[in-house]
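Here the structure is laid out as C-alpha cells; the discussion comes afterwards.
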Amino acid sequence: MNHKKVHRLYCEEGLNLRSKRPRRHVSAAHRMDRPELSSIDQCWSMDFVADNLFNGRRIRALTVVDNFSRECLEIHVDHAVKGQHVVSRLEWLRLFAGRKPHRIQVDNGSEFISKTLDKWAYENNVTLDFSRPGKPTDNPFIESFNGSFRDECLNTHWFLSLFDARKKIETWRKEYNEFRPHSSLENMTPNDFARTQIDHSTSQISLKSTGTD
949 MNHKKVHRLY CEEGLNLRSK RPRRHVSAAH RMDRPELSSI DQCWSMDFVA
999 DNLFNGRRIR ALTVVDNFSR ECLEIHVDHA VKGQHVVSRL EWLRLFAGRK
1049 PHRIQVDNGS EFISKTLDKW AYENNVTLDF SRPGKPTDNP FIESFNGSFR
1099 DECLNTHWFL SLFDARKKIE TWRKEYNEFR PHSSLENMTP NDFARTQIDH
1149 STSQISLKST GTD
C-alpha cells in the first residue's frame, strides 16, 4: 500500500496524519544582534577549506579562529573530517589548551549540524550560532582568515602526503599567530594580543579579591 492510498484512507476516516517536525538544535542560538566582542573565548568561528595533495587526493582543513584575538587555535587536516572529528578537536582545546568559547559561529554544513557537535555544545554550555544559508558575510572573521590561509599557505605549497600537509600547515599556523601583527590588534600578533587580555583579566581578578578599586 503506497503513501497516497494511506493518506486517502486517513482522510475518509477523518483521521489526521502526524507531520514530522524539524529537529531543533538544543544548543543553537536564535537569530539576534551579535554583541561587540570584548574578550578572548567570547566567540570563535569554524569552517572548512579544501585542497589536494600532489597526486590529486583530496584533503580538508578544519579552521578554528578566536574572533576577538584573531588567534588561529586549530587547523585540523585529514582526508575526511566529520562531526566527531570536530568535537575531538574542540575537546582537545578545552582539556589541553584550557580554551572553551561561549559561542561558536558556523555555517550549516553537515559536520556542524551533527548531533555529535550539538550534544558536545549543550553539555559544555556553548552556543552554536549558525549563519544564514548563502550568507558567508555572517561569519567575516573566518572568511578573512581562510582567504589568507589559502593565499599564503595552500597556494604556495605542494603537499606530498597527509603528513607533509599537516607539517607545513602547522608551521604556517604558528607563524601566523606568533609573527603576524594585525592593525586591528594595535599592531600586535594574535598571540601577544591574547596574552595582554589574559594578563589584564588576571589583574582585574586580583584587584577584586583584595578589595582594591
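The sequence shown begins at 949 in the numbering used here and counts up by one. We treat Cβ as the ideally placed atom computed from N, Cα and C, and that holds for glycine.
Listed in chain order, the non-local C-beta contacts of Phe1089 below 7 Å within the same chain comprise Ser993, Val1013, Asn1015, local neighbours out to five positions each way being set aside.
Setting aside the 5 residues that flank it on each side, Ser1036 has no residue in the same chain whose C-beta is closer than 6 Å to its C-beta. Annotation for Gln1053: no alpha helix (DSSP H) segment contains it, though the beta strand (DSSP E) segment containing it runs 1051–1054. In this structure, DSSP gives His1130 an extended state, which the three-state scheme calls strand. Taking one beta carbon from each stretch, the segment 1109–1116 and the segment 1023–1036 have 3 or more pairs nearer than 8 Å; the two touch. For the 7 Å CB-CB criterion, His1050 and Gln990 form a contact.
Counting the other Cβ atoms within 10 Å of the Cβ of Gln1053 gives 16 or more, which makes it buried.
Setting aside the 5 residues that flank it on each side, Thr1064 is surrounded in the same chain by Gly1031, Gln1032, Val1035, each with a C-beta closer than 6 Å to its C-beta; the list follows chain order. A distance below 7 Å separates the beta carbons of Thr1137 and Arg1128. Counting of Cβ neighbours within 10 angstroms places Arg1006 among the exposed residues, the total staying below 16. The beta-carbon distance between Asp999 and Leu1133, rounded to whole angstroms, is 27 Å. This is too long to meet the 8 Å contact definition.
Pairing Asp1086 with Gly1095, the inter-Cα distance amounts to about 15 Å.
Asn1073 and Glu1100 have their C-alpha atoms roughly 35 Å apart. Sequence-distant partners of Arg1042 (beyond 5 residues in either direction) whose C-beta falls short of 6 Å from its own C-beta, in its chain, are Lys1048. Here DSSP, grouped into helix, strand and coil, assigns Asn1000 to strand. Proximity to Phe1078 across Asn1135, Arg1114, Asp1140, Gly1057 peaks at Gly1057, based on C-alpha coordinates. In this model, Thr1011 and Glu1123 are separated by some 15 Å (Cα to Cα).
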